[in-house]
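Taking the numbering used here, the leading residue of the sequence shown gets 728, the next gets one more, and so forth.
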Amino acid sequence: MSAEPRGQAVHTRQASVVVVSRPMWRIRVGRELPRYLLCAASAFGLAASARYAIAPPRAAMRTDTAVAPMVADRAAEGYAVLFVRRYLTWTAAEPQGSARALEAFAGAGMEAGAGLVPPAGGEQHVEWAEVVQARERGPREHVYTVAAQTDATGVLYVSVAVERAADGGLRLVDYPALVGAPSAAGAEPAQHLPEVAQSALTAVVTRALRNYLAGSADDLAADLTSTARVSFPGLPLSIESLERLVWTEAGRSVLAVVHAQDSRGAQYVLAYELDVERQQGRWEVSAVQTDPGS
């Protein structure tokens, strides 16, 4: 046997055992948790399968689909109005003049003059014309009702179908139609609205309207809010009387009916809506009938 070297210490490593105490419930949970998770996943899968078998999902159907509003085509409206002006303007002494004026509209698909043959005598001119009704007949097709004031026949209503072609050009779809006026009813003043009972507000509205109609900007400013913007009418008027003052929106807006007169003696019955606010105990006007900034 070999001898141990002298002068060196001999270290002997000894094994040690550490005992740690844990609660029994933790040991049980740690041992049983995987089995519980597996059972839960299986139960969830079975429940999902049963739900899809009994009531499979279906694509939702929208019942609130909004109809897109018709987009105004100003060029097509102008095209219809120009056609009607030329269509209803003729002179018997020059029967070909009407046909020549309509050549660009009729083209080769219509009779000359869009089918209009003037009478043997007389003449007719259009004083004004404008679109009063519009509807869509197709993706690119508009049907306009044009009201035209003529000097010979009075107001006539002409229905014109205008199509915007794929290249962007405008054209008539067919011959025009003479039609009746759009449905209308007589005026019905808003009698059901509550009367304004505050005498202070009545005084402010009367004074503000008097200065507004007279074009007195400095005097009107005393009754306006700091943010109010107004645009004065081009015809100066004087108020003879305030006939009616009612709330259109309680505490915020009123409707005033007044008798007014201009410098020539012409008399008017006019209705103005004013937005009002109560500032530091007194009423002020924030708008009169129109918003000049819109």
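Note that beta-carbon positions come from the ideal geometry of N, C-alpha and C, so glycine has one too.
Predicted model only: the values in this text are computed from it and were never measured.
Nearest candidate by alpha-carbon position, reference residue i, set the options
{"i": "residue 888", "options": "991, 937, 869, 831", "result": "869"}
{"i": "residue 959", "options": "987, 1017, 993", "result": "1017"}
{"i": "residue 890", "options": "882, 883, 900", "result": "900"}
{"i": "residue 983", "options": "940, 1009, 895", "result": "940"}
{"i": "residue 811", "options": "1003, 921, 840, 932", "result": "840"}
{"i": "residue 802", "options": "847, 944, 835, 892", "result": "892"}
{"i": "residue 969", "options": "987, 975, 976", "result": "987"}
{"i": "residue 1010", "options": "975, 951, 985", "result": "951"}
{"i": "residue 997", "options": "980, 967, 991, 1005", "result": "967"}
{"i": "residue 898", "options": "853, 836, 798, 942", "result": "836"}
{"i": "residue 894", "options": "858, 1006, 867", "result": "867"}
{"i": "residue 1003", "options": "990, 1021, 981, 985", "result": "981"}
{"i": "residue 820", "options": "945, 914, 808, 845", "result": "845"}
{"i": "residue 851", "options": "931, 877, 946", "result": "877"}
{"i": "residue 843", "options": "828, 978, 855", "result": "828"}
{"i": "residue 686", "options": "919, 944, 985", "result": "With the chain running from 728 to 1021 in the structure shown, residue 686 is simply not present."}
DSSP three-state assignment for residue i, whether helix, strand or coil
{"i": "residue 865", "result": "strand"}
{"i": "residue 853", "result": "strand"}
{"i": "residue 798", "result": "coil"}
{"i": "residue 932", "result": "helix"}
{"i": "residue 902", "result": "coil"}
{"i": "residue 907", "result": "coil"}
{"i": "residue 847", "result": "coil"}
{"i": "residue 1002", "result": "strand"}
{"i": "residue 789", "result": "At residue 789, the pLDDT of 49 sits below 50, so the modelled position is not reliable and the matter cannot be decided from this model."}
{"i": "residue 1026", "result": "The requested residue 1026 is not part of the displayed model; the chain covers only 728 to 1021."}
{"i": "residue 829", "result": "coil"}
{"i": "residue 978", "result": "coil"}
{"i": "residue 1023", "result": "Look at the range of the chain in this structure, 728 to 1021, and you will see that residue 1023 is not part of it."}
{"i": "residue 811", "result": "helix"}
{"i": "residue 925", "result": "coil"}
{"i": "residue 875", "result": "strand"}
{"i": "residue 972", "result": "strand"}
Buried versus exposed, by CB contacts within 10 Å (16 or more), residue i
{"i": "residue 849", "result": "exposed"}
{"i": "residue 936", "result": "buried"}
{"i": "residue 764", "result": "exposed"}
{"i": "residue 871", "result": "buried"}
{"i": "residue 995", "result": "exposed"}
{"i": "residue 875", "result": "buried"}
{"i": "residue 965", "result": "exposed"}
{"i": "residue 791", "result": "Model confidence at residue 791 stands at a pLDDT of 47, short of 50, so the residue's coordinates are unreliable and nothing is read from them."}
{"i": "residue 798", "result": "exposed"}
{"i": "residue 962", "result": "exposed"}
- Message: If contact is defined by three or more beta carbon pairs under 8 Å, each pair taking one atom from either stretch, is the segment 894-909 in contact with the segment 918-927?
- Response: Segments in contact, no.
- If we count Cβ pairs, one from each stretch, closer than 8 Å, do we get three or more for the segment 942-956 versus the segment 1005-1017? Result yes; three or more Cβ-Cβ pairs closer than 8 Å.
- Pairing CB atoms from the segment 870-885 with CB atoms from the segment 813-823, are three or more of them under 8 Å? With the cut-off at 8 Å, the segment 870-885 and the segment 813-823 touch.
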